[in-house]
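In my numbering, the protein residues as written are 48 to 250.
The C-beta atom is built at its ideal place from N, Cα and C for all residues, glycine as well.
Remarks on the structure that follows.
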Amino acid sequence: MGDVRPAPFFVGDSAALDFVNSIAMPRSVEFEWLASGADVLDWLVQSGLAREEDISDLRQPRHRPALDLAADDIRAFREEFRAFVCSVSDKNKVPADHPMIERVNHLMQAGDQSLHLVSNNSDGGEFMLNVIHRMQTAEDLLPRIAAACAELIAEADFTHVRRCQGSGCTMFFRDVSKNHKRRWCSMELCGNRAKAAAYRNRS
């Protein structure tokens, strides 16, 4: 892999954990995928938290200074949320008074959100209620990420939120496998290396 930054990894089975993994050391070299405002926009689209048309105007040069400042805040929140994940992983519930609850609620309140009914088929009759996150300014990006983190808190069984067992790997994932025996961020990154190391040791 060398020192060339690869594409970001989306192995967390959760947008919030992929956010935590947006700085990671999968193979002894640490990579930062949110180093700039432009990086944040790219990551949001790649993660599925935004569509290109949602943030296309933010790619204009006039937004660059504000985006870079927003990226600083986003990275700082990422480390707060990483500490939270570390503290509550392998627990079956999150304490109701955990400071992260208030923190996430405060961030989401700063966002511009609305609810939309969307038909599941052209004939009507079946509808979904979607939350639309408007991202018109750099300050709208962190609330969108906070909403993904809130979704993890609301839905995840944290006994199945784990850190990869690969040597030196820093990535987290949500184990949604049937038997909850997942050990690696991915077989390609860490699982195959661990198997190869075990084979060498046996040999």
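Residue i - DSSP class collapsed to helix/strand/coil
{"i": "Gln160", "result": "strand"}
{"i": "Val223", "result": "coil"}
{"i": "Asn152", "result": "helix"}
{"i": "Ala82", "result": "coil"}
{"i": "Ser251", "result": "Any answer about residue 251 is impossible in this case: the structure gives the chain only from 48 up to 250."}
{"i": "Met234", "result": "helix"}
{"i": "Met147", "result": "helix"}
{"i": "Val67", "result": "helix"}
Exposed unless 16 or more other CB atoms sit within 10 angstroms - verdict on residue i
{"i": "Pro146", "result": "exposed"}
{"i": "Val178", "result": "exposed"}
{"i": "Gly95", "result": "exposed"}
{"i": "Asp101", "result": "buried"}
{"i": "Phe219", "result": "buried"}
{"i": "Gly172", "result": "exposed"}
Cβ-Cβ separation, residue j to residue i (assumed contact under 8 Å), whole Å
{"i": "Ile200", "j": "Phe66", "result": "Not confirmed; about 13 Å, so no contact."}
{"i": "Arg203", "j": "Arg230", "result": "Rather than Arg, the amino acid found at residue 203 in this sequence is Ala. At roughly 18 Å, the Cβ-Cβ gap does not stay under 8 Å, so Ala203 and Arg230 are not in contact."}
{"i": "Asn68", "j": "Phe78", "result": "Not confirmed; about 10 Å, so no contact."}
{"i": "Leu114", "j": "Val135", "result": "Incorrect: roughly 31 Å between the Cβ atoms, too far for contact."}
Alpha helix (DSSP H) segment containing residue i, residue limits
{"i": "Val208", "result": "From DSSP, Val208 is part of no alpha helix (DSSP H) but of the beta strand (DSSP E) over Val208 to Arg210."}
{"i": "Val132", "result": "Arg111 to Val135"}
Spatial distance of residue i from residue j (CA atoms)
{"i": "Tyr246", "j": "Phe131", "result": "Confidence in Tyr246 is poor, its pLDDT being 44 and thus under 50, which makes the residue's placement too unreliable to answer from."}
{"i": "His227", "j": "His207", "result": "7 Å"}
{"i": "Ala118", "j": "Gln156", "result": "19 Å"}
{"i": "Asp144", "j": "Phe128", "result": "15 Å"}
{"i": "Lys225", "j": "Asn139", "result": "17 Å"}
{"i": "Arg111", "j": "Asp60", "result": "31 Å"}
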